[in-house]
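First up is the structure itself, then whatever we jot down about it.
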Amino acid sequence: MVGDFTVVEGNLTEARPLLIDSHAHLDSPRYDDDREAMLRRAADAGVGAVLAIGIGEGPAEMHQALDLCREFNGRPGMPRLFASAGIYPHNTPEADPAVLGKLDGLLSEPEVIACGEIGLDYYHEGAPHPVQKEGLIAQLLIAAGRKRPILIHCRGTNESADAWDDLFEVLDEHWVSTGLGGVMHCFGGGWEQAKRSLDLGFLVSFAGNATYTKAQPLRDVAARVPIDSLLVETDAPFLAPNALRGKRNEPAYVVQTAQTIAELRNISAEEVAGATTRNFCRLFNLPLGMGN
Ligand SMILES: [Zn+2]
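Each residue of the sequence shown is one higher than the one before, counting from 0 in the numbering used here.
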């Protein structure tokens, strides 16, 4: 049960199916001056829904994405907002019982459809790897209890597969049996990691970095992932697509990532929009063609 949708049949056959930005940090202070206008630009660009990521700058701000759902949902001319909540890998040293209790409470809210972004980050200096693993496992147990799919952030040392290998070990032991699935967010691995993710039933989400012409190996993966397992996202305010590289990103620009993926796959942007929206709704048990 997720909120009060207006179910509009037939959205997928319209000339321009709605896109879903599966990952945006809408609570970033970088939107404080124009958050509502920014969301309206997304709706105008054809974005029907945005999953707002609830990690904040740390667990004390985990609730901010939910707050945004409550603030903006129901206003006309806006995308439908959903929220996640989770403890980012480098914040796992803060994952004490009170913080985990807060996470559990947030995941019980109907708007909070996912636990994330959680995972392993060996690329940046920060929380020791065993602490990250322990924090990940603790959150998997909570997400399983609340029956929420997970949003995974995974990045290896110098882009090696070390974090991926550890991640798959943890997921095999603590997640696969739940059957809840999840999303490999801002996918940055190779085909082997994509294949292992698909074998686990995960969706693979591509962000603005897939539009960078230099990122050919990533673009090859984006062309090869089965369409029924694809998502698109912005990871806004980070990772603006090629044409706007270095600028603040925002959900409206997910259109450019969808367009690039369509070109890489020799299909129409409408097909990418239709498939990624279907995939998102399937994973999170949402009705197709949700309105605001
Ligand atoms: Zn993110």
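Cβ atoms here follow ideal geometry from the backbone N, Cα and C, with glycine treated the same way.
Using a cutoff of 7 Å, the CB of Asp120 does not count as near ligand 1, since none of the ligand's heavy atoms is closer than that. Boundaries of the beta strand (DSSP E) around Ala48: Val46 to Ala51. Membership of Cys280 in the alpha helix (DSSP H) is indicated by the continuous run Ala268 to Leu282. When the Cα atoms are used, Ala222 and Val49 turn out to be separated by approximately 23 Å.
Annotation for Glu70: no beta strand (DSSP E) segment contains it, though the alpha helix (DSSP H) segment containing it runs Gln63 to Phe71. Between the alpha carbons of Phe283 and Glu110 lies a gap of roughly 11 Å. Of the residues Leu170, Pro78 and Met37, the one whose Cα lies closest to the Cα of Leu119 is Leu170. DSSP, read as helix, strand or coil, puts Val182 in strand. Sequence-distant Cβ neighbours of His89 in its own chain, meaning closer than 8 Å and more than five residues away, are Asp120, His123, Gly125, Ala126 and Gln131. The beta carbon of His123 sits no closer than 7 Å to any heavy atom of ligand 1. Looking from the CA of Val98, the closest CA among Ala82, Glu116, Ser83 and Gly57 belongs to Gly57. Within the same chain, and ignoring the five residues on either side of Gly180 in sequence, the residues whose Cβ sits closer than 7 Å to its Cβ are Pro148, Gly200, Phe201 and Leu282. Ala113 carries a strand assignment under DSSP once its states are collapsed to helix, strand and coil.
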